Amino acid sequence: MIMKKQLLASALALIVSGACNTAGATTGKPVDWSYTAPIGAENWGGLSSEYEGCTSGQAQSPIDIRDAVETEIAPLAFTFQAGPAAILNNGHTIQVSSSAAGGITLPSGKYAFVQMHFHTPSEEKIMGRTYPLNAHLVYRNTAGELAVVALLFEEGTHNPTLEPILAAMPDNAGGMETLKTLNIANLLPSNRRYYSYAGSLTTPPCTEGVRWHVLSSVLQLSTTQLQAFKALYPMNARPVQPLNGRSIQVGG
Ligand SMILES: [Zn+2]
Numbered sequence: 334m335i336m337k338k339q340l341l342a343s344a345l346a347l348i349v350s351g352a353c354n355t356a357g358a359t360t361g362k363p364v365d366w367s368y369t370a371p372i373g374a375e376n377w378g379g380l381s382s383e384y385e386g387c388t389s390g391q392a393q394s395p396i397d398i399r400d401a402v403e404t405e406i407a408p409l410a411f412t413f414q415a416g417p418a419a420i421l422n423n424g425h426t427i428q429v430s431s432s433a434a435g436g437i438t439l440p441s442g443k444y445a446f447v448q449m450h451f452h453t454p455s456e457e458k459i460m461g462r463t464y465p466l467n468a469h470l471v472y473r474n475t476a477g478e479l480a481v482v483a484l485l486f487e488e489g490t491h492n493p494t495l496e497p498i499l500a501a502m503p504d505n506a507g508g509m510e511t512l513k514t515l516n517i518a519n520l521l522p523s524n525r526r527y528y529s530y531a532g533s534l535t536t537p538p539c540t541e542g543v544r545w546h547v548l549s550s551v552l553q554l555s556t557t558q559l560q561a562f563k564a565l566y567p568m569n570a571r572p573v574q575p576l577n578g579r580s581i582q583v584g585g
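Throughout the sequence shown, residue numbering follows the numbering used here, covering 334 to 585 in sequence.
This is the structure in structure tokens:
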């Protein structure tokens with residue numbers, strides 16, 4: 334059991350420290366996947382034995398958020414520090430990583446910020462509605478467990494915090510640029526009410542045990558900014574997955 338837990342922790346560490354496509358690390362060769370046939374989301378579970386959870390898992394992400402239960406859940410306690418950031422095109426999305434960028438304290442303990450990345454359209458739906466973009470802020474605790482904060486975006490006013498990230502996005506998979514300073518705190522809305530549920534990674538190997546927090550306040554970016562991201566990744570969202578009896582809390 335301890336062995337299994339360690340393996341899980343190291344697999345998760347690999348996924349979040351580098352590109353999403355390091356899942357095949359135990360065999361030395363990552364198994365490729367994408368968002369379109371024949372290696373799109375509907376076939377992920379069959380691409381590799383390590384990806385079986387994408388098909389067999391019963392607590393998968395993303396989900397359509399509905400019937401959330403109003404609950405006295407603790408406010409999300411973020412800490413952020415401005416610092417240098419790496420902007421990586423990992424072949425599946427644009428990923429922003431920054432060491433010592435801060436963390437989040439949840440009832441389950443402290444988690445350090447690892448990376449942030451984007452999906453278009455949004456992976457999360459709220460009451461059946463899809464948004465044009467979402468950001469996932471990925472956090473990890475010392476046991477290797479993950480927590481994600483999801484931010485939804487709609488088209489509207491120019492987003493100044495996203496601008497340096499979008500301006501630095503490398504065109505080619507594997508490309509990386511650096512920003513001298515970035516403060517992700519500037520991205521967050523003042524109202525941090527959120528939906529909470531238990532889910533998984535939304536990319537292979539779709540590992541479960543991820544604590545999800547989806548902010549209900551929707552942020553904005555301009556049409557030009559959205560088009561800049563879509564020029565690189567027109568569609569990089571996994572479809573919503575069955576809830577299978579899981580409960581969704583809302584509060585904070
Ligand atoms: Zn994501």
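Even glycine gets a Cβ: it sits at the ideal position worked out from N, Cα and C. Please read all numbers here as calculations on a predicted model, not as lab measurements.
query: Among L576, I459 and A445, which residue has its Cα nearest to the Cα of L470?; result: A445
query: Measuring straight from C-alpha to C-alpha, what distance separates L548 and P363?; result: 32 Å
query: Enumerated in chain order, which unbroken segments of the alpha helix (DSSP H) with a length of 4 residues or greater are wholly contained in the segment 450-502?; result: 496-501
query: When the Cα of Y464 is compared with those of L495, A410, L485 and E375, which residue comes out closest?; result: L485
query: Quick one, what's near ligand 1 if you take every residue whose CB is closer than 6 Å to any heavy atom, in chain order?; result: H450, H452, H469 and T535
query: Excluding the 5 residues preceding and the 5 following T514 in the sequence, name in chain order all residues of the same chain whose CB lies nearer than 6 Å to its CB.; result: A415
query: Give me the Cα-Cα distance between T511 and P417, rounded to the nearest whole angstrom.; result: 7 Å
query: Based on Cα-Cα distance, which residue from E478, P440, P454 and N423 lies nearest to V543?; result: E478
query: Based on the DSSP output, what are the partners of T412 in its beta bridges?; result: G436
query: Can you name the start and end residues of the beta strand (DSSP E) that Q553 belongs to?; result: L552 to L554
query: Look at N569 and Y368 and say whether their C-beta atoms are less than 7 Å apart.; result: yes
query: Quick one, are the C-beta atoms of S555 and H491 less than 7 Å apart?; result: yes
query: Which of the three DSSP states is assigned to W366 in this structure?; result: coil
query: For T540, does the three-state DSSP call read helix, strand or coil?; result: coil
query: My output table needs one value for Y566: the three-state DSSP class, helix, strand or coil.; result: coil
query: Which same chain residues end up closer than 7 Å to E405 when comparing Cβ atoms and leaving out the 5 residues on each side of it in sequence?; result: G584
query: By the three-class DSSP mapping on this structure, what secondary structure does L520 have?; result: helix
query: Are the Cβ atoms of M502 and L421 separated by less than 7 Å?; result: no
query: Which residue's Cα is closest to the Cα of K443: N467, H450, N423 and F411?; result: F411
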